[in-house]
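2 protein chains.
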Amino acid sequence: METNVDVAVVGGGIIGLGIAWEAIRRGHSVALVDPDPATGATHAAAGMIAPASELHYREEHLLQLTVDSASRYPEFLASLAWTGIDPGYRTTGTLVLAIDAADRTALADLRAVQARHLLPVEQVSLREVRRSEPMIGPAATAAFSSPEDHQVDPRKLAAALLAAVGERGRLIPARVSGFEYAGRRVTGAVLEDGSVLPARHTVVANGLAAAQLQGLPCRLPLRPVYGDILRLRVPAALQPLLTHTVRGLVRGSAVYLVPRGDGTVVLGATMREDGNYGVSAGGVYQLLRDAQLLIPAVAELELEEVLCRARPGTPDNAPLLGGVPGVDGLVIATGFFRHGVLLTPAAAALCVDLMEGKPGPPGFERYRPDRFEEGQA
Amino acid sequence: METNVDVAVVGGGIIGLGIAWEAIRRGHSVALVDPDPATGATHAAAGMIAPASELHYREEHLLQLTVDSASRYPEFLASLAWTGIDPGYRTTGTLVLAIDAADRTALADLRAVQARHLLPVEQVSLREVRRSEPMIGPAATAAFSSPEDHQVDPRKLAAALLAAVGERGRLIPARVSGFEYAGRRVTGAVLEDGSVLPARHTVVANGLAAAQLQGLPCRLPLRPVYGDILRLRVPAALQPLLTHTVRGLVRGSAVYLVPRGDGTVVLGATMREDGNYGVSAGGVYQLLRDAQLLIPAVAELELEEVLCRARPGTPDNAPLLGGVPGVDGLVIATGFFRHGVLLTPAAAALCVDLMEGKPGPPGFERYRPDRFEEGQA
């Protein structure tokens, strides 16, 4: 029998780590259970903290949460400064480029939605854009700028969180199979070896694997959305390749290039639902093709890393986040899809608020994890 | 002071390993010196044993050696059977495909040269080709067949050679800096720690690094020709993707796909002389683009491995192979460029023949390592 903790966190991706750290810094005792923390979607993520340029059609309901989470980043990261690990947080404005007429129309329409939400996105002339980003190629035909976006390095942020949780909480390298219940209250997590980790609150934050847990009070409708993502090294003669994050709508396909402080560029990301968890040759081809159309010098970069990870998608692209009515001691935090890194501070704050009996932020009920059950709206 | 051996081999790539094994099986005592054997060009090589389809313009002088070496493969491999490591040697005919009119002309011209040398290469109809290789795409406009080609898996062959040399000779995990001389006779290899490995014969077989050895009797004009090469896994639904090695001349660019017995395909290889030893993003893009034009289903494969290695190129694309006149006890075997795996059995036989005072095969003097010195032909 493990010793009792206030909070047991199932899953050590960026979301689970963020919740664990938030609980710890508010004075709770925490154990985080993961056989291999920060090696899933977190390991692949590009780390754009960009609620404006991340806005997608029909995802407007997420905007309040993403804007809120982005605004929490500086304070959240300040709480980790003592670890000595620099998470690479910095202002990196986003330029979104169009190639053909349909791309231009789609981006102009999106700009109208962004303007309606008062987001700082402006169309800018390519002449002006090329002054600060001379590597943009001749195929770009329109540009939109979000100067206030940021980035973080998810691997470094995860390393800082792991160090912090390891130092002030407990890391348990194991897998969780289900839950211990006392009536309608979850009283802990059951590990695969049958042992129980008793906890006042149990948090389900293990991404796609959450759906396989035994004894969930509701079905978690998660599906894997695979992404291929590349790390490229910029040779000295081409440094800096970019000072903005460059996104493109390239004949209908989305692609992005995020320049890192260490002289690399993250190029991503495909969205595949083909069930193949290996890197897709066609996906890598398409990323390199589209990236070269935006920034021809991409051909001259060194391909340092190619990998694929699955993101946990949901039916409405919004997370499964919060408690389940009628069940105490359980908080769900999964289904963050493309937004896990961006939403970490807000999700962490929300989850720990709920454990502490505080009201969640306005409208958070729309993320209720049981919203897709029969009989729900 | 190390104990005396008959043969000290400098370098544990496929060539050095082959020479070491050939010497051992002829009864000589052998020590092979390499800090990290079989991790250079050998690790990347596709392993085509295909003297006919490997014939290039202005490389006709190599043909005798490549044909001879290919014919030695069965016996050479039989001598390694006791290791229990299957080197994946098998008949894999080659199909060479053209895309545009210039590709067709170039391949027809090459076919004429091949015919002049009585090589078994025939133009075949695409209708016929598609009967055995239905995955060939619509962009192919002409096909040439070399049904008698073979392949070997260079990593497995190297593993078998390493096991054999380790068992019956001596592997020294060190780096060689130069040579010990007694007058005009090389009497051993000098290791980086200053110790000497005395040997009656010293063989220089460490690829590109050979040019940096101190005390060479002649300059070795080697230059790195970088190659990007991919390993792709064929999903079960597409097995077997190919039964032939498929080469293409795709709008002037050469590309090949070698199907392995383990369900993978080797896709290669670029030839870059840009000094970049990292994988080229543009190179990977070009390989995937051209391979998809030949075999569209390449887009559906899993990209398992991406790597780059440098091949040791020479001014005439032929190896630097043999003794240096006036210097005893030294044999050079480097500069095998794209042909290291193919030429291993012949190079091994030739080098050990020379050590044993036997005459080399007719015409081998044209590979003399000092042929590019001032005053030579």
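These protein sequences, in sequence, are chains A and B. Numbers given in my numbering equal positions in the first sequence, counted from 1, plus 145. Numbers given in my numbering equal positions in the second sequence, counted from 1, plus 145. Glycine included, each C-beta is placed from N, C-alpha and C at the ideal position.
May I have the straight-line CA-CA distance separating residue i from residue j, to the nearest angstrom?
i, j, result
"L574(B)", "S290(A)", "The structure shown has nothing for residue 574(B), since chain B only spans 146 to 522."
"L404(B)", "G282(B)", "The residue you asked about is not Leu; residue 404(B) is Pro in the sequence shown. Each residue's Cα considered, the two are about 17 Å apart."
"A183(A)", "V443(A)", "28 Å"
"S174(A)", "P299(A)", "25 Å"
"R511(B)", "G502(B)", "18 Å"
"G157(A)", "L302(A)", "12 Å"
"G360(A)", "A304(A)", "31 Å"
"I164(A)", "L225(A)", "13 Å"
"V348(A)", "A478(A)", "7 Å"
"L342(B)", "L336(B)", "7 Å"
"D248(B)", "E278(B)", "20 Å"
"L465(A)", "S425(B)", "41 Å"
"V429(A)", "L271(A)", "28 Å"
"L386(B)", "S398(A)", "28 Å"
"E273(A)", "A287(A)", "11 Å"
"A356(B)", "V331(B)", "17 Å"
"G161(B)", "A350(B)", "5 Å"
"T211(B)", "D294(B)", "12 Å"
"H346(A)", "I194(A)", "29 Å"
"P292(B)", "G420(A)", "37 Å"
"L177(A)", "G505(A)", "23 Å"
"L263(B)", "L207(B)", "15 Å"
"S340(B)", "V155(B)", "14 Å"
Whole-angstrom Cβ separation of residue i and residue j, contact assumed at under 8 Å?
i, j, result
"A491(A)", "A334(A)", "Actually they are not in contact, since the Cβ atoms of A491(A) and A334(A) sit about 24 Å apart, beyond 8 Å."
"G408(A)", "R378(A)", "6 Å"
"V486(B)", "A246(B)", "About 33 Å; that fails the 8 Å criterion."
"G467(B)", "L499(B)", "6 Å"
"R171(B)", "V497(B)", "6 Å"
"A186(B)", "R368(B)", "Their Cβ separation, rounded to whole angstroms, is 13 Å, which puts A186(B) and R368(B) out of contact at 8 Å."
"M416(B)", "G480(B)", "Their Cβ separation, rounded to whole angstroms, is 15 Å, which puts M416(B) and G480(B) out of contact at 8 Å."
DSSP state of residue i, grouped into three classes?
i, result
"S322(B)", "strand"
"L295(A)", "The sequence given here has His at residue 295(A), not Leu. Strand, per DSSP."
"V212(B)", "helix"
"V486(B)", "helix"
"M146(B)", "In this prediction, M146(B) scores a pLDDT of 48, lower than 50, which makes its location untrustworthy; the coordinate-derived value is nonetheless stated afterwards. If DSSP states are grouped into helix, strand and coil, M146(B) belongs with coil."
"R516(A)", "coil"
"D151(B)", "strand"
"M416(B)", "coil"
"A190(B)", "coil"
"E447(B)", "strand"
"Y218(B)", "helix"
"C363(B)", "coil"
"H206(A)", "helix"
"Q259(A)", "helix"
Please check if any C-beta of chain A sits within less than 7 Å of the C-beta of residue i.
i, result
"L377(B)", "yes"
"A120(B)", "This structure does not reach residue 120(B), given that chain B is present from 146 up to 522, and the question cannot be answered."
"A284(B)", "no"
"L452(B)", "no"
"A344(B)", "no"
"A426(B)", "yes"
"V472(B)", "no"
"V391(B)", "no"
"L433(B)", "yes"
"M146(B)", "Residue placement at M146(B) is poorly supported in this model, since its pLDDT is 48, which falls under 50; the coordinates still yield a value, given next. With 7 Å as the cut-off, M146(B) does not count as an interface residue toward chain A."
Quick check: is the beta carbon of residue i nearer than 7 Å to any beta carbon in chain B?
i, result
"E447(A)", "yes"
"G161(A)", "no"
"Y401(A)", "no"
"Y512(A)", "no"
"G397(A)", "no"
"G423(A)", "yes"
"V429(A)", "yes"
Does any C-beta atom of chain D lie closer than 7 Å to the C-beta of residue i?
i, result
"Y371(B)", "No chain D is part of this structure, whose protein chains are labelled A and B."
Is residue i close to the ligand GTP? I mean its beta-carbon at under 6 Å from any heavy atom of the ligand.
i, result
"E510(A)", "Judged by which ligands are present, the structure shown has none, so any question about the ligand GTP falls away."
Determine, using beta-carbon pairs with one atom in the segment 216-226 of chain B and one in the segment 383-393 of chain B, whether at least three such pairs fall under 8 Å.
no
Are the segment 238-255 of chain B and the segment 198-215 of chain B touching, with three or more C-beta to C-beta distances below 8 Å?
yes
How about the segment 249-262 of chain B and the segment 202-214 of chain B: do they share at least three Cβ pairs that are nearer than 8 Å?
yes
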